[in-house]
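Novice: When we follow UniProt numbering, the leftmost residue of the sequence shown carries the number 1, and every step to the right adds one. Quick reminder that beta carbons are idealized off the backbone N, C-alpha and C, glycines included. So that we are looking at the same thing, I have put the structure below in structure tokens.
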Amino acid sequence: MECDGGVHAKNCIDQSGTKFADRLEHSLEIGAKKSGANKGEIHCNKYVLEVISDNDQLRMLEQYAIDYAHSIGLVSPISDPPDGKLTNIYAVPPPIALFPSPFPRELYDHAVKVQQAMNELYFRVASDHDFLMDAFKDVIKGDPFIARFVQIAKMVHDEGIHQPLAVQLQRADYMAHWDPSDGGGTMALKQVEVNIGAIGGPGFARTVSKLHKKVLDKLAIEHGGQPAILANSEAPVNRSRQNIAYALYQSWKLFGDPKAVLLCLSTMDSTHFEQLQFIQFEVEKLGKQQGDLVNVLVLSLTDASKRISLNETGDFSLYLDGTKRVALVHITDGNVPGEFPTEHEWPGMVERFFPDDPKRVALIRSTFTGLWGLEFEDEAIREVIEDAIRSPANYILKSQVEGGLGIFFDHQMAQMLQQMSKEERGAYILQRRINPLVVKNYLMRQKIPALLEDVVSEMGIYGSLIGDQSNGRILHNAFDGHVVRSKRSDVSHGGMSCGGGLIDSLLLFPMAQMLDKSKSALNEC
């Protein structure tokens, strides 16, 4: 969604500002109205109205899903434990959708098809030091946090690359964009953003897919067979946890030292359980299957600053506690300023990258929405800024800070654009706001009964790449699965860490079945 994170389980809180009682009453009214409707009128975008017969069945399925979630480890530490201290002693299912949300099959296939090209694009960008320095030269004038990262990149480059092998974990986020200007007859895949390294969700993504399959199986039992409205649906296979763990394990092997450790750096007081432990367990499992004992350790950034040292007189290896050689560091946090509490945590264009591959360029560009860097002050940028101030509902303002802290909407965005200096604007981009497909689903949070809501979904596509930065050679490049985070359609910030989003999965339908002759089919889901 427009903010990210793993399962920072603000799982007890309704973040919407809408009174819960009003939403519950509205949910029950909708359910009652649909019960008398002609079943032939039910659209696949709101198939959940077809498969739930009454409130008793809904509550039964809700409890069934919660019980099954506990049985498969789809739980996370609660964010408000009785003693005020985060611990895995108190664990509950995270915010989840009761059913998989419908999504156009063709757009899912498009996202899968483009992922390897997206992996390679970002690997080439990361390997081009001059390009990066030029791209960030204006950003760092207004963003001291990013300026520190640029300073580190310069230091590493100036010293020379002593370890050319790099592993890149990526999650490219998309929405199904519906354009009402053409009569509502088409949908397109549009990219929200690309995340590198701190890619929340791979652990729970597989587990929630498993949960939703179980719920649909239970529905089939209740209905005496699969509901007819699901005849052309498909739940895509999702092996994100295993595939990402495989990339990390292969990277560890390429280092060539069977005694070296694989280190994960994280914010230890968060509830990112799914991103670390599930991956840790999977890497250890893969190693054991291959006869390797992979020691995967998790440290906070603060602990790492005290316990990790660099051998600057030898082979420039990292060492943990002076004795354990580090093969690979997977940094899962460190993308917001608060995760660097002291100085000790800090150490001391598409064609450009695919000049001979226009088809790959076109494939990548097909997912782009309007995007403008604000570091320039030409006529085109001035016009875009003026339009964003006049029509703020059509744009989103973003900085480099993750976790939803650097995204601004509507009146706040317009006010910032009016007040910022040119240097301050250079740390931001303007993005054309996506008009997402709206569907129906039941959303579940702790202490709140499942509610029927208008829902929009953001699909993240995972990819991994292992490459040699010294010569550009690619050793591994793969599509690794997907994750879905959904939110109510009237919520702007929808990431897990912001409390507005929920974990979800996909139920794919042919796009033709998700489009209706009237615009209202999508607007009034």
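#1: What number of angstroms, rounded off, separates the C-alpha of residue 48 from the C-alpha of residue 439?
#2: Exposed or buried, residue 60, counting other C-beta atoms within 10 Å across all chains shown (16 or more means buried)?
#3: Put residue 149 into one of helix, strand or coil per three-state DSSP.
#4: Count the CB pairs spanning the region 482-492 and the region 190-209 that are closer than 8 Å, and state whether there are at least three.
#5: Under the DSSP definition of a beta bridge, which residues are partnered with residue 453?
#6: Out of curiosity, what's the CA-to-CA distance linking residue 110 and residue 189?
#7: By the 10 Å Cβ neighbour count, where 16 or more other Cβ atoms means buried, how is residue 224 classified, buried or exposed?
#8: Looking only at C-alpha atoms, which of 191, 447, 476 sits nearest to residue 62?
#9: Looking at the strands, I want to know which residues DSSP matches up with residue 175.
#10: In three-state terms, what does DSSP make of residue 205?
#11: For residue 371, which residues in the same chain have their Cβ closer than 8 Å to its Cβ, ignoring the five residues on either side in sequence?
#12: Helix, strand or coil: how does DSSP classify residue 133 here?
#13: Check whether the region 501-517 and the region 136-148 touch, using three or more Cβ-Cβ pairs below 8 Å as the test.
#14: Would you call residue 348 buried or exposed, if buried means 16 or more other Cβ atoms sit within 10 Å of its Cβ?
#15: Taking the alpha helix (DSSP H) that residue 265 falls in, what are its first and last residues?
#16: Please classify residue 411: is it buried, with 16 or more other beta-carbons within 10 angstroms of its beta-carbon, or exposed?
#17: State the start and end residues of the unbroken alpha helix (DSSP H) segment that holds residue 246.
#18: Just checking my contact of residue 191 with residue 205 at CB under 8 Å: how many whole Å lie between their CB atoms?
#19: Would you tell me roughly how many angstroms separate the C-alpha atoms of residue 125 and residue 514, rounded to the nearest one?
#20: Could you spell out where the alpha helix (DSSP H) holding residue 410 opens and where it closes?
#21: Does residue 358 pass the burial test, meaning 16 or more other C-beta atoms within 10 Å, or should it be called exposed?
#22: So for residue 212, helix, strand or coil by DSSP?
#23: Do residue 257 and residue 307 have their CB atoms nearer than 7 Å?
#24: Which residues does DSSP list as the beta-bridge partners of residue 488?
#25: Using C-beta distances below 8 Å, list every residue in its chain close to residue 361, excluding the 5 sequence neighbours before and after it, in chain order.
#26: Measure the C-alpha to C-alpha separation of residue 194 and residue 399 and round it to an integer number of angstroms.
#27: What is the DSSP secondary structure of residue 307, reduced to helix, strand or coil?
#28: Is it right to say residue 46 is buried, meaning 16 or more other beta carbons lie within 10 angstroms of its own, or is it exposed?
#29: With distances taken from CA atoms, which of 174, 227, 262, 207 is nearest residue 366?
#30: Which of the three DSSP states, helix, strand or coil, is assigned to residue 431?
#31: Rounded C-beta distance between residue 558 and residue 265? I'm assuming under 8 Å.
#32: Assuming residue 358 is part of the alpha helix (DSSP H), what are its boundary residues?
#33: Can you tell which of 51, 249, 320, 425 has its C-alpha closest to the C-alpha of residue 385?
Specialist: In this structure, then:
#1: 9 Å
#2: exposed
#3: helix
#4: yes
#5: 441
#6: 8 Å
#7: exposed
#8: 447
#9: 190
#10: helix
#11: 429, 430, 431, 432
#12: helix
#13: no
#14: Since pLDDT at residue 348 reaches only 35, below the 50 mark, its modelled position is unreliable, and the value read off the structure follows with that caveat. Burial call: exposed.
#15: First-last for residue 265: 261-266, but that is the beta strand (DSSP E), not the alpha helix (DSSP H).
#16: exposed
#17: 240-255
#18: Contact flag wrong, Cβ pair sits at about 19 Å.
#19: 37 Å
#20: 410-419
#21: exposed
#22: helix
#23: no
#24: 455
#25: 350, 351, 354
#26: 13 Å
#27: helix
#28: buried
#29: 174
#30: strand
#31: With the chain running from 1 to 525 in the structure shown, residue 558 is simply not present.
#32: 358-365
#33: 425
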